[in-house]
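What follows is a set of notes on a single structure, which appears directly below.
Protein chains: 2
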Amino acid sequence: MKFSKATNYALHSMVFLAVIPSGKTIGVKSLADVQKVSPTYLSKVLTNLVKAGFVESVTGVNGGYKLIKDPKEITFLDVIQAIEGKASFFQCGLENNIHDRRNCMIENVMNEAEQKMEEHLTLNTIAGVAEKVNADMITHIHTAAN
Amino acid sequence: MKFSKATNYALHSMVFLAVIPSGKTIGVKSLADVQKVSPTYLSKVLTNLVKAGFVESVTGVNGGYKLIKDPKEITFLDVIQAIEGKASFFQCGLENNIHDRRNCMIENVMNEAEQKMEEHLTLNTIAGVAEKVNADMITHIHTAAN
DNA sequence: CTAATTATAGACTTACAATATCTATAATAT
DNA sequence: ATATTATAGATATTGTAAGTCTATAATTAG
Ligand code: SF4
Ligand code: SF4
């Protein structure tokens, strides 16, 4: 089971946004270049992050995206759910009443497993990885001139 | 993120196989009926469980499938991986050398999260859920006459 | 031995969501 | 006024999951 490419792009974009000087913007072109993805597609991904309230977009010359929420407060799970939604691992698909569905053991095990995963993704923030990121990663991203 | 329907079918089939009297077989038709899925498709799913060494198939009249491994020894993760493979949550997709890839923090967090999930799926076995399954579930499945 | 039953395998189709592109529009700075 | 930037909607492409169809092989009952 894999997370989508969109989620991958979103996580990387958030890290890039977190490592640049606070307040500066990065254009989608720059973010797209470094991740080898088309700007229009990445733009759609980033729009989800805007809607989630993590970043803000600025149109016009020297515009782009910038963080508007403290990256210490943005967890991996937050970013993942902003892109993938909240559908859970497992859902009983049988509408017929084979049996009493209360306390389905299969569903319980799966949901608990999902919870373990989510716990860990909640303990790790964008700020947490941003501060450990290798310096040469930063040199590849360009903030707006301004 | 969701597990596939095939995984859902596989888990249910394993539970059904675990709750019937040991040694008896269940035909794919019966397993398919109760899960509202086509027999030919379910057959493909079950073949993966055969290849994984959990069940055995018996052709001919009164044939079908039966467990050949102690369900106490078959974990949820075993079944899931038999169907979905072992691709992990996250993989760095950038071949260019943006930066030093050793100790990628993003990948680390994701893999740790996956590990937490897998730990829990390893602690739970088919036997574990089979013994807690509601009795009326069993009445819906039919073993070979024999 | 024959016929019915059952699983297997391969080729094929269908359905659907992820990924991506294109274009028109709106907002902003210079 | 013009260049620059993001947004949104329509559309196209790709890839994988899901499902079907058919021929074949194995087994058992009679
Ligand atoms: S065992 Fe759980 S998932 Fe399966 S049909 Fe029952 S309630 Fe639904
Ligand atoms: S941050 Fe990690 S996943 Fe991203 S390009 Fe670097 S090594 Fe790959």
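Chains A and B are the protein sequences, given in the same order. According to the numbering used here, the first sequence is numbered sequentially starting from 1. According to the numbering used here, the second sequence is numbered sequentially starting from 1001. Note that CB positions come from ideal geometry on N, CA and C, so glycine has one too.
Anything in chain B within Cβ reach of residue i, meaning under 7 Å, just list it in chain order.
i: residue 113 (chain A); result: 1117, 1120, 1121
i: residue 129 (chain A); result: 1105, 1106, 1109
i: residue 76 (chain A); result: 1109
i: residue 84 (chain A); result: 1001
Which bits of chain A does residue i rub up against, with CB to CB less than 7 Å?
i: residue 1132 (chain B); result: 105
i: residue 1124 (chain B); result: 109
Taking Cβ positions, are residue i and residue j nearer each other than 9 Å?
i: residue 74 (chain A); j: residue 127 (chain A); result: yes
i: residue 125 (chain A); j: residue 72 (chain A); result: yes
i: residue 1093 (chain B); j: residue 5 (chain A); result: yes
i: residue 10 (chain A); j: residue 79 (chain A); result: yes
i: residue 1069 (chain B); j: residue 1053 (chain B); result: yes
i: residue 39 (chain A); j: residue 32 (chain A); result: yes
Can you check DSSP and say which residues form a bridge with residue i?
i: residue 1056 (chain B); result: B:1066
i: residue 1122 (chain B); result: Bridge partners of residue 1122 (chain B): none, in fact.
i: residue 75 (chain A); result: A:125
i: residue 233 (chain A); result: In the structure displayed, chain A extends from 1 to 146; residue 233 (chain A) sits before or after that span and is not available.
i: residue 83 (chain A); result: In the DSSP output, where bridge partners are listed per residue, residue 83 (chain A) has none listed.
i: residue 26 (chain A); result: A:65
Strictly below 8 Å CB to CB, what residues from chain B border residue i?
i: residue 11 (chain A); result: 1106
i: residue 94 (chain A); result: 1035, 1036
Which whole-angstrom value describes the C-beta separation of residue i and residue j, a residue pair presumed to lie in contact below a C-beta threshold of 8 Å?
i: residue 1002 (chain B); j: residue 76 (chain A); result: 19 Å between Cβ atoms; not a contact.
i: residue 129 (chain A); j: residue 1106 (chain B); result: 6 Å
i: residue 1034 (chain B); j: residue 1140 (chain B); result: 5 Å
Using a cut-off of 8 Å between C-beta atoms, extract the partners of residue i located in chain A.
i: residue 1090 (chain B); result: 2, 3, 8
Kindly list, in the order they appear in chain A, the residues whose Cβ is closer than 9 Å to that of residue i.
i: residue 1015 (chain B); result: 105, 106
i: residue 1087 (chain B); result: 1, 2
Stretch-stretch touch, CB-based, cutoff 8 Å, three pairs: the segment 1108-1120 of chain B with the segment 111-119 of chain A: Segment contact: the segment 1108-1120 of chain B against the segment 111-119 of chain A, three or more CB-CB distances shorter than 8 Å; contact assigned.
The segment 11-27 of chain A contacting the segment 58-75 of chain A, beta-carbon criterion three pairs below 8 Å: The segment 11-27 of chain A, when compared against the segment 58-75 of chain A, does touch it at the 8 Å Cβ threshold.
Segment contact flag, the segment 3-19 of chain A with the segment 49-59 of chain A, C-beta cutoff 8 Å, min 3 pairs: By the Cβ rule, the segment 3-19 of chain A counts as touching the segment 49-59 of chain A, because three or more pairs are nearer than 8 Å.
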